[in-house]
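Just below is one structure, and these are the notes that go with it.
Number of protein chains: 2
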Amino acid sequence: MAIDKEINAEQKIIEAAADIFEEKGFEGARMQQIADKAGINKALLHYYFRSKDLLFEKVFLNIASKIFLKFFKSFNIEGSIFENIETFLQLHQDLLYENRKLPIFFFNEITRNPDLIRKLMLKLEVSNSFQLILKQFEKEKRDGIIRHDVEVSHLLVNIISLSVFPYIGRPIIKEIMEEFDLNYDTFLNERRSMIAQFVINSIKV
Amino acid sequence: MAIDKEINAEQKIIEAAADIFEEKGFEGARMQQIADKAGINKALLHYYFRSKDLLFEKVFLNIASKIFLKFFKSFNIEGSIFENIETFLQLHQDLLYENRKLPIFFFNEITRNPDLIRKLMLKLEVSNSFQLILKQFEKEKRDGIIRHDVEVSHLLVNIISLSVFPYIGRPIIKEIMEEFDLNYDTFLNERRSMIAQFVINSIKV
DNA sequence: ATCTAGTTTAACCAATTGGGCAAAAATAAT
DNA sequence: ATTATTTTTGCCCAATTGGTTAAACTAGAT
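Which chain is which? The protein sequence lines are A and B, in order. By the numbering used here, the letter at position 24 of the first sequence is numbered 24, and the numbering carries on one by one without gaps. For any residue, its number in the numbering used here is found by taking its place in the second sequence, counting from 1, and adding 205.
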């Protein structure tokens with residue numbers, strides 16, 4: 001924390017804003033609250049970022065870029081995706097667990113303002129990265145590692161759905177489970193191996 | 206529309222509020238906008254519902270109840286779920302397609318205010334209804350219709366994940382698909398049969 | 001030491017927002 | 001027809017919010 005002292009105002013703002021925006025969303029976040037959390041005067045927010053919109057855009061693209069890069073990186077593995085599916089499903093789960101609040105935040109904000117997606121896609125090469133994954137799936141289909149009748153774009157969406165949705169549905173899943181004395185975090189943990197098995201069963205030849 | 210004339214103010218407010226809240230969320234919605242859409246004076250909102258919070262709660266529970274009831278109803282089918290999985294996955298997809306904006310709205314609001322879930326569960330018997338579905342799955346497991354190593358609670362979450370997530374991720378899925386001249390609605394349509402196949406492959410004996 | 005450029009603050013502002021109130025209009029009861 | 005009750009409206013209000021501004025502070029250059 002001694003090193004943290006040297007951090008400049010601009011960076012302090014970005015970090016505080018990330019926390020507040022992630023928790024309250026764009027509409028619910030207050031500039032004053034961000035300033036308080038950053039420990040600076042509210043006017044500094046405008047000095048560095050002009051407006052709430054611009055501050056949000058900066059922070060949003062920051063957060064989303066980091067996660068997407070880590071996600072894409074997880075696919076850079078020797079050997080076929082099919083054979084390593086358990087490995088990087090574990091990586092995804094780690095990523096999700098460390099950023100539980102991110103999914104609902106991300107999807108809510110891009111629904112509110114779809115322009116954010118376009119800006120994100122310009123900053124990263126989102127489409128390209130997805131395309132690379134799909135090509136790898138296609139190759140494994142041709143090589144007979146994956147069933148021939150599997151539609152790869154659906155496979156990718158399926159994997160993401162199975163991983164991400166339980167985090168989006170957390171409040172209701174948690175509440176229902178607790179009614180039956182079950183634990184939500186245990187449930188998430190079970191899914192780590194379960195999702196892999198579920199997917200493998202559906203696509204193995 | 207001639208009959209609609211007879212509709213009273215209270216009902217007009219509820220319908221207008223549902224539209225606005227669903228589109229803008231609680232934080233983004235404005236009481237004035239709801240009044241305008243309902244074609245009545247803003248003070249009437251408070252006359253009938255006291256506050257924005259109470260109006261929202263009423264509307265939210267209304268919307269959520271309707272959908273959940275329809276969802277649970279879809280499981281009331283003769284014969285095993287496994288054998289009819291295609292049938293009611295179709296029903297779910299119809300339900301989702303008619304209410305595309307609902308999922309992200311619902312999950313965002315219960316994340317913002319988890320108390321809504323508790324109130325919903327008191328109004329309906331959500332836990333009980335889910336429990337019934339799980340029991341049916343268990344029975345089909347014992348009867349050897351479903352693989353014995355399938356964990357039924359995960360199966361249910363998997364099915365819901367595969368169905369619902371593509372609607373939550375709509376903005377980004379749509380944007381990426383359009384980059385490759387593919388159509389999002391077509392994609393959703395393909396999933397109707399695909400999800401069933403994907404699930405069947407994972408749980409058939 | 002003082003000048004200069006960038007940084008930070010306190011105080012302020014206009015606009016918006018949820019909400020309240022008293023009068024008016026409509027409806028029901030006598 | 002008149003009274004009582006409910007519904008609806010116009011107008012107002014205090015609080016909040018994003019944003020501005022001018023002054024004060026800081027540190028490096030001369």
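A virtual CB, placed ideally from N, CA and C, is assigned to each residue, including glycine.
So, helix, strand or coil for residue i, using DSSP?
i: K306 of chain B; result: coil
i: I350 of chain B; result: coil
i: M206 of chain B; result: Confidence at M206 of chain B is low in this model, with a pLDDT of 31, below 50, so the placement of that residue should be treated as unreliable; the coordinate-derived value is given next. M206 of chain B falls in the coil class under three-state DSSP.
i: I218 of chain B; result: helix
i: K263 of chain B; result: helix
i: K204 of chain A; result: coil
i: I322 of chain B; result: helix
i: D224 of chain B; result: helix
i: I400 of chain B; result: helix
i: F180 of chain A; result: coil
i: F392 of chain B; result: helix
i: R170 of chain A; result: helix
i: N313 of chain B; result: helix
i: E345 of chain B; result: helix
i: G362 of chain B; result: With the sequence shown as reference, residue 362 of chain B is identified as Val, and Gly is not the correct amino acid for it. Helix.
i: N333 of chain B; result: helix
i: I286 of chain B; result: coil
i: F49 of chain A; result: helix
i: E356 of chain B; result: coil
i: F72 of chain A; result: helix
i: A43 of chain A; result: helix
i: E234 of chain B; result: Per the sequence shown, residue 234 of chain B should be read as Ala rather than Glu. Reduced to three states, the DSSP call for A234 of chain B is coil.
i: I268 of chain B; result: helix
i: I338 of chain B; result: helix
i: E291 of chain B; result: helix
i: I212 of chain B; result: coil
Count the other CB atoms, across all protein chains shown, that sit within 10 Å of the CB of residue i; report buried if there are 16 or more and exposed otherwise.
i: S407 of chain B; result: buried
i: S366 of chain B; result: buried
i: Q237 of chain B; result: exposed
i: N363 of chain B; result: buried
i: V205 of chain A; result: exposed
i: Y167 of chain A; result: buried
i: G169 of chain A; result: buried
i: H208 of chain A; result: Lying before the first or after the last residue shown, residue 208 of chain A is absent from chain A, which here runs from 1 to 205.
i: S193 of chain A; result: exposed
i: H148 of chain A; result: exposed
i: K5 of chain A; result: Low confidence applies to K5 of chain A: its pLDDT is 43, below 50, so where it sits in the model is not reliable, and the reading given next is rough at best. Burial call: exposed.
i: L387 of chain B; result: exposed
i: L260 of chain B; result: buried
i: R396 of chain B; result: buried
i: L218 of chain A; result: The question about residue 218 of chain A has no answer here: the residues shown for chain A are numbered 1 through 205.
i: L122 of chain A; result: exposed
i: I212 of chain B; result: exposed
i: F198 of chain A; result: buried
i: F370 of chain B; result: buried
i: F180 of chain A; result: exposed
i: K141 of chain A; result: buried
i: S163 of chain A; result: buried
i: Q379 of chain B; result: Note that residue 379 of chain B is Lys in the sequence shown, not Gln. Looking at its Cβ environment, which holds 16 or more other Cβ atoms inside 10 Å, K379 of chain B is buried.
i: I3 of chain A; result: Its pLDDT being 33, under 50, I3 of chain A is placed unreliably by the model, and the measurement read from it follows with that caveat. Exposed, since its Cβ has fewer than 16 Cβ neighbours within 10 Å.
Exercise. Inspect the CB distances between the stretch 211-219 of chain B and the stretch 238-254 of chain B and report whether three or more fall short of 8 angstroms.
Key: The count of Cβ pairs closer than 8 angstroms, one atom from the stretch 211-219 of chain B and one from the stretch 238-254 of chain B, reaches three, so the stretches are in contact.
Quiz item: At a cut of 8 angstroms, does the stretch 305-315 of chain B reach the stretch 222-236 of chain B through at least three beta carbon pairs?
Solution: Counting Cβ pairs under 8 angstroms, three or more are found: they touch.
Self-check item: Residues from the stretch 222-239 of chain B in contact with chain A, defined by Cβ distance under 7 angstroms
Solution: Result list: G230, E232 and G233.
Quiz prompt | Contact set between the stretch 376-390 of chain B and chain A, restricted to residues whose Cβ is under 9 angstroms from the partner | solution = Listed in sequence order: P376, I377, I378, K379, E380, I381, M382, E384, F385 and L387.
Quiz item: What residues from the stretch 307-335 of chain B come within 8 angstroms of chain A, judged by C-beta to C-beta, listed N to C?
Solution: Of all residues in the stretch 307-335 of chain B, the ones placed with a Cβ closer than 8 angstroms to any Cβ belonging to chain A are I309, F312, N313, I315, T316, R317, P319, I322, R323, M326, V331, S332 and F335, in chain order.
Quiz item: Okay, do the stretch 391-404 of chain B and the stretch 314-334 of chain B touch, 3+ Cβ pairs below 8 angstroms being the bar?
Solution: Flag = no, the stretch 391-404 of chain B and the stretch 314-334 of chain B do not touch.
Quiz item: Would you say the stretch 338-357 of chain B touches the stretch 272-289 of chain B, given that touching needs at least three Cβ pairs under 8 angstroms?
Solution: Yes: at least three Cβ pairs fall under 8 angstroms.
Practice problem: Compile a chain-ordered list of the residues in the stretch 355-369 of chain B whose CB is closer than 9 angstroms to at least one CB of chain A. | Solution: The residues in question are V355, E356, S358, H359, L360, V362, N363, I365, S366, L367, S368 and V369.
Quiz item: Relative to chain A, which residues along the stretch 393-410 of chain B have a C-beta separation below 9 angstroms, given in chain order?
Solution: Answer in chain order: E395, R396, M399, I400, Q402, F403, V404, I405, N406, S407, I408 and K409.
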